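Down below is the structure, laid out as structure tokens.
Numbering (the working numbering), first residue to last: 40 to 356.
Laid out in structure tokens, this is it:
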């Protein structure tokens with residue numbers, strides 16, 4: 040039974056860097072892992088891709104053949120993949136039969152997860168063939184610095200969760216860069232747990248005092264709270280501790296932690312071990328505060344590959 044992650048998120052959220060870092064981390068743990076690139080516009084992969092949608096179709100091909108723009112071309116590519124699932128399943132089968140763990144790197148166009156059903160159909164087909172998958176939705180942690188941006192992220196996450204209808208782990212990525220953005224309005228724990236959103240309304244009103252928009256803001260906050268589905272884990276991809284905590288959440292979401300259990304298997308103790316998201320948020324907050332207190336500090340390299348190189352993970356042999 041193959042397990043895996045479907046990695047999604049808006050452009051700039053760090054999906055490709057995450058896939059490369061997670062591939063390294065899982066390799067160090069001894070978990071056989073393959074990354075599947077499902078982004079037809081991905082030209083700078085920071086990982087070794089076992090299966091690449093570019094062998095089926097590329098964004099440039101779709102745009103040239105049908106006179107489409109980038110957004111329309113991306114939708115066409117994913118719909119083309121949906122119609123040619125036999126191609127994908129055929130290339131995944133050798134790895135699935137050999138017990139590999141899968142990471143699916145998906146496009147960053149949010150319309151594919153909020154309006155279009157092709158990604159959901161692709162996931163459903165994989166599930167029908169025995170794949171146990173969890174969605175990992177990456178969001179840049181910098182959106183926590185403004186109330187309006189954070190509300191928009193909450194709505195995007197909620198819409199994606201209800202659209203894909205699969206085990207879901209929302210992640211505030213690049214948490215290490217928060218130290219460069221000044222103080223948050225509330226503690227990091229508030230944002231990861233999505234506490235009482237009434238506290239955000241004051242900040243939204245300061246930005247747009249109109250009564251009309253005030254009522255709209257109140258209704259949007261109420262919508263998120265009524266569903267009570269959205270919460271966030273945190274991630275610094277260059278921090279082994281942070282990656283390990285997130286992987287623990289993902290393994291519980293897709294069932295990997297239960298995968299090897301048999302009657303009387305002592306590993307049931309592992310399955311009972313849980314991660315406290317509040318403790319995780321408080322720990323990340325302490326490290327974020329420490330970084331901010333140490334400013335001015337040297338800025339991290341703009342090259343994601345350089346940041347990824349500081350993982351210090353011993354290669355599994």
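From the three backbone atoms N, C-alpha and C, an ideal C-beta is built for every residue, glycine too.
Note that this is a predicted model, so its numbers are computed, not measured.
Residue i lies in the alpha helix (DSSP H); which residues open and close that run?
{"i": "residue 283", "result": "279-293"}
{"i": "residue 161", "result": "157-167"}
{"i": "residue 152", "result": "150-153"}
Considering residue i, what are the terminal residues of the beta strand (DSSP E) in which it resides?
{"i": "residue 140", "result": "140-144"}
{"i": "residue 136", "result": "Segment 124-136 is the alpha helix (DSSP H) holding residue 136; no beta strand (DSSP E) there."}
{"i": "residue 180", "result": "Careful: residue 180 lies outside any beta strand (DSSP E) and carries neither H nor E."}
{"i": "residue 42", "result": "42-47"}
Look at residue i and residue j and say whether their C-beta atoms are less than 9 Å apart.
{"i": "residue 233", "j": "residue 141", "result": "no"}
{"i": "residue 63", "j": "residue 172", "result": "no"}
{"i": "residue 120", "j": "residue 96", "result": "yes"}
{"i": "residue 177", "j": "residue 66", "result": "no"}
{"i": "residue 139", "j": "residue 50", "result": "no"}
{"i": "residue 174", "j": "residue 217", "result": "no"}
{"i": "residue 220", "j": "residue 271", "result": "no"}
{"i": "residue 169", "j": "residue 125", "result": "no"}
{"i": "residue 179", "j": "residue 53", "result": "yes"}
{"i": "residue 137", "j": "residue 71", "result": "yes"}
{"i": "residue 55", "j": "residue 91", "result": "no"}
{"i": "residue 127", "j": "residue 116", "result": "no"}
{"i": "residue 9", "j": "residue 285", "result": "No answer is possible for residue 9: it lies beyond the span of the chain, which begins at 40 and ends at 356."}
Within a Cβ cutoff of 8 Å, which residues of the same chain sit near residue i, ignoring the five residues on either side of it in sequence?
{"i": "residue 260", "result": "190, 236, 237, 239 and 240"}
{"i": "residue 20", "result": "Because the chain here runs from 40 to 356, residue 20 falls outside it and cannot be looked at."}
{"i": "residue 269", "result": "193, 196, 197, 200, 209, 233 and 263"}
{"i": "residue 313", "result": "Confidence at residue 313 is low in this model, with a pLDDT of 49, below 50, so its placement is unreliable and no value can be given for it."}
{"i": "residue 283", "result": "64"}
{"i": "residue 305", "result": "Low local confidence applies: a pLDDT of 43 at residue 305 is under 50, so the model's placement there is unreliable, with the coordinate-based value given in what follows. Answer for residue 305: no residue qualifies."}
{"i": "residue 293", "result": "42, 43, 44, 171, 172, 173 and 206"}
{"i": "residue 76", "result": "84, 88, 90, 91, 92, 93 and 144"}
{"i": "residue 308", "result": "Residue placement at residue 308 is poorly supported in this model, since its pLDDT is 44, which falls under 50; the coordinates are not used for a value here."}
Excluding five sequence neighbours on each side, which residues of the same chain lie with their C-beta closer than 7 Å to the C-beta of residue i?
{"i": "residue 264", "result": "236"}
{"i": "residue 118", "result": "157"}
{"i": "residue 58", "result": "46, 74, 86, 142 and 144"}
{"i": "residue 253", "result": "244"}
{"i": "residue 275", "result": "214, 215 and 281"}
{"i": "residue 107", "result": "101 and 115"}
Leaving out the 5 sequence neighbours to the left and right, which residues in its chain are closer than 6 Å to residue i when beta-carbon positions are compared?
{"i": "residue 102", "result": "112"}
{"i": "residue 186", "result": "239, 242 and 243"}
{"i": "residue 159", "result": "203"}
Curious, which full-length alpha helix (DSSP H) runs of at least 4 residues does the region 60-117 contain? If only complete runs of 4 or more residues are kept, the region 60-117 shows the alpha helix (DSSP H) at 98-105, in order along the chain.
Give a yes or no on contact between the region 149-162 and the region 185-204, applying the rule of three or more CB pairs nearer than 8 Å. yes
Length-filtered (3 minimum) beta strand (DSSP E) runs lying within the region 187-273: With a minimum length of 3 residues, the continuous beta strand (DSSP E) runs that stay inside the region 187-273 are 207-212.
Indicate whether the contact test is met: 3 or more Cβ pairs, each with one atom in the region 205-213 and one in the region 82-89, closer than 8 Å. No, they do not touch.
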